[in-house]
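Trainee: Here the UniProt record's numbering is used: the sequence shown runs in plain steps of one and ends on residue 274. Where a beta carbon is used, it is the ideal one built from N, C-alpha and C, also for glycine. Quick one: the structure is below, questions incoming.
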Amino acid sequence: MNNEMQQQIQQCFDLIKAILNNDLLGVYLFGSSIAGGLQKYSDIDLLVISNRSTTHDEKAKFVKNLLEISGIYMKGERFPIEMTIIEKSQVSPWHYPPIFDFQYGEWLRSQFNDGIIEPWGSNEMPDLAIMITQVLLASKTLYGANPHEILCKVPYTDYMLATLDALPSLMADIDTDTRNVLLTLARIWRTVETDTISSKPAAASWSIKQLPQEYILVMHRAKAICIGEEKEYWDDIKALIKPCADFISDKINFKLARINLSENTYKSINMLNE
């Protein structure tokens, strides 16, 4: 963890504490910062647990400050921030789909800059099932109690439902966010096949061994860009990108269709640290 990242995390924490004050229950660093190591284009992932929802003015304060703290995606030395705030009562007791209160991510920067403080169409967030599972399996507590004392374990069935629900929006971004979509697909594919969560580079390496020969170059490129070995460039293999993504998506859907979720309540997801 370099000094720039530490400074960004501290700035985020100071902002969270100033706004939520005594209603703040926990702040957790998770994702590639903890499991697998930050890569060139990684985000700093933060999950914030509050005793209450935030007001519109408080959301506006978060937006104003995080636009300054967060690095712009693929530009500069600062890491992008992805920060999600949830009200404890909305996730404990657990229900699916879970509800979030506020989220900052660089994909929302243009809308935030236009003054749209809540650009999401719904506060339902299936992806929270994945985030909470990651926090419970591998995270660093920056403030508050152990996450196991605040958060409920996400049932295996709901985790798998979240991966299924994530696919349509993920596939819709294949042309505009190619590397991230391919790596996320690789990670989901490995999860549904092995019941494990791994870093994106590790998932890419795993998927390369499963892919048909014609798609291996696509995933090799995504991994190489992720770890900083190559620059972002897709024009020479553009015709292979969507077929590769479709192949992986089909594999994920096929596997999920074969899983009778009602009969797998005993199963759980585990974290791989490779």
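Alpha carbons only, please: which of 61, 134, 135 is nearest the one belonging to residue 102?
Mentor: Of the residues 61, 134, 135, the one whose Cα lies closest to the Cα of residue 102 is 61.
Trainee: Looking only at its chain, what residues have a beta carbon closer than 6 angstroms to the beta carbon of residue 154, apart from the 5 residues adjacent to it on each side?
Mentor: 129, 132, 133
Trainee: Taking all protein chains shown into account, do 16 or more other C-beta atoms lie within 10 angstroms of the C-beta of residue 45, making it buried, or fewer, making it exposed?
Mentor: With 16 or more other Cβ atoms inside 10 Å of its own Cβ, residue 45 counts as buried.
Trainee: If you draw a straight line from the alpha carbon of residue 218 to that of residue 191, how long is it in whole angstroms?
Mentor: 20 angstroms
Trainee: Quick one: what does DSSP say residue 270 is sitting in, helix, strand or coil?
Mentor: DSSP, read as helix, strand or coil, puts residue 270 in strand.
Trainee: Figure out for me which residue from 65, 152, 188, 138 has the closest Cα to the Cα of residue 162.
Mentor: 188
Trainee: Residue 48: which of 83, 96, 75 sits nearest, CA to CA?
Mentor: 83
Trainee: If I follow the unbroken alpha helix (DSSP H) through residue 125, where does it start and stop?
Mentor: No alpha helix (DSSP H) contains residue 125, which DSSP labels as neither H nor E.
Trainee: Which residues does DSSP pair with residue 82 in a beta bridge?
Mentor: 45
Trainee: Starting from residue 215, trace the alpha helix (DSSP H) in both directions and tell me its first and last residue.
Mentor: 213–226
Trainee: Sort 172, 96, 250, 237 by Cα distance to residue 330 and report the nearest one.
Mentor: It is not possible to answer for residue 330, since the shown part of the chain is limited to 1 through 274.
Trainee: Go to residue 112, then tell me how far its alpha helix (DSSP H) extends in each direction, as first and last residue.
Mentor: 109–113
Trainee: Would you say the segment 137–145 touches the segment 168–186, given that touching needs at least three Cβ pairs under 8 angstroms?
Mentor: Counting C-beta pairs with one atom in each stretch, the segment 137–145 and the segment 168–186 have fewer than three that are closer than 8 angstroms, which means they do not touch.
Trainee: Which partner residues does residue 144 have in the DSSP bridge list?
Mentor: 26
Trainee: So, at 6 angstroms on beta carbons, what are the nonlocal neighbours of residue 229 in its own chain, with the 5 sequence-adjacent residues on each side left out?
Mentor: none
Trainee: Are the beta-carbon atoms of residue 241 and residue 178 separated by less than 8 angstroms?
Mentor: yes
Trainee: So, does the segment 65–84 touch the segment 102–114, judging by three or more C-beta pairs under 8 angstroms?
Mentor: yes
Trainee: Might you give, ordered along the chain, the residues of its own chain that have their beta carbon closer than 6 angstroms to the beta carbon of residue 94, omitting 5 neighbours on each side?
Mentor: 152
Trainee: Mind checking who residue 87 pairs with in its DSSP beta bridge?
Mentor: DSSP output for residue 87 lists 50 as bridge partner(s).
Trainee: Name the DSSP beta bridge partners of residue 99, please?
Mentor: 124
Trainee: Please identify the residue among 259, 68, 120, 185 whose C-alpha is closest to the C-alpha of residue 249.
Mentor: Of the candidates 259, 68, 120, 185, the residue whose Cα lies closest to the Cα of residue 249 is 185.
Trainee: Alpha carbons only, please: which of 30, 9, 54, 10 is nearest the one belonging to residue 22?
Mentor: With distances taken between Cα atoms, residue 22 lies closest to 54.
Trainee: Beta-carbon within less than 6 angstroms of residue 349's beta-carbon, same chain only, minus the 5 sequence neighbours each way: which residues are those?
Mentor: Lying outside 1 to 274, the shown extent of the chain, residue 349 is not represented and no answer is given.
Trainee: Might you give, ordered along the chain, the residues of its own chain that have their beta carbon closer than 7 angstroms to the beta carbon of residue 35, omitting 5 neighbours on each side?
Mentor: 138, 199, 271, 273
Trainee: What residues are listed by DSSP as bridge partners for residue 196?
Mentor: 270
Trainee: What's the C-alpha gap between residue 164 and residue 181?
Mentor: 14 angstroms
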